[in-house]
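Numbering (this note's numbering), first residue to last: -7 to 122.
Single-structure report; data block below.
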């Protein structure tokens, strides 16, 4: 018995709709997260993976949180966690939607030299009072 006979003229549209829904469910939704970095020449790691360049925005999967690490020579590294939140309709959304990474310059390393003078004689003991 053919599909056409069993389900009638709605068989093909129903099958196409089912395949379309399966295709949509299999793909994770993505969200754009804008990046602003100072200094502009930074190395960016997303979830531990180094990016080849410094993009103006990231396209991230909405199904899980992400960590973004910013590094630049002479600056302290900065890590930002992009977490999952929900819209009022219940859809997952990443927050924050814009990351501003102002890296702080490292303080110059200073060496201190201490000159200690040690007395060879122990301090005098106070006389015992009678």
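We treat Cβ as the ideally placed atom computed from N, Cα and C, and that holds for glycine.
Being a predicted model, the structure only gives us computed values, none of them experimental.
| Check | Outcome |
| --- | --- |
| Beta-carbon proximity check, residue 58 vs residue 34, cutoff 9 angstroms | no |
| Nearest-angstrom beta carbon gap, residue 50 and residue 25 [assumed within contact, 8 angstroms] | 5 angstroms |
| Residue 96: first and last residue of the uninterrupted beta strand (DSSP E) it sits in | Segment: none, residue 96 is in no beta strand (DSSP E) and carries neither H nor E. |
| Within 9 angstroms, strictly: CB atoms of residue 27 and residue 36 | yes |
| For residue 57, the first and last residue of its enclosing beta strand (DSSP E) | Looking at the DSSP string, residue 57 is not in any beta strand (DSSP E), and its letter there is neither H nor E. |
| Residue 46 to residue 93 span [Cα, whole Å] | 12 angstroms |
| Proximity winner among 69, 63, 21, relative to residue 55 (alpha-carbon distances) | 21 |
| Beta-carbon spacing of residue 23, residue 89 below 9 angstroms | yes |
| Whether residue 95 touches residue 69 by CB criterion (9 angstroms) | yes |
| Outcome for residue 141 when other beta-carbon atoms lying within 10 angstroms are tallied against a minimum of 16 | Here the chain has residues from -7 to 122 only, and residue 141 is not among them. |
| Segment limits, beta strand (DSSP E) that includes residue 26 | 22 to 30 |
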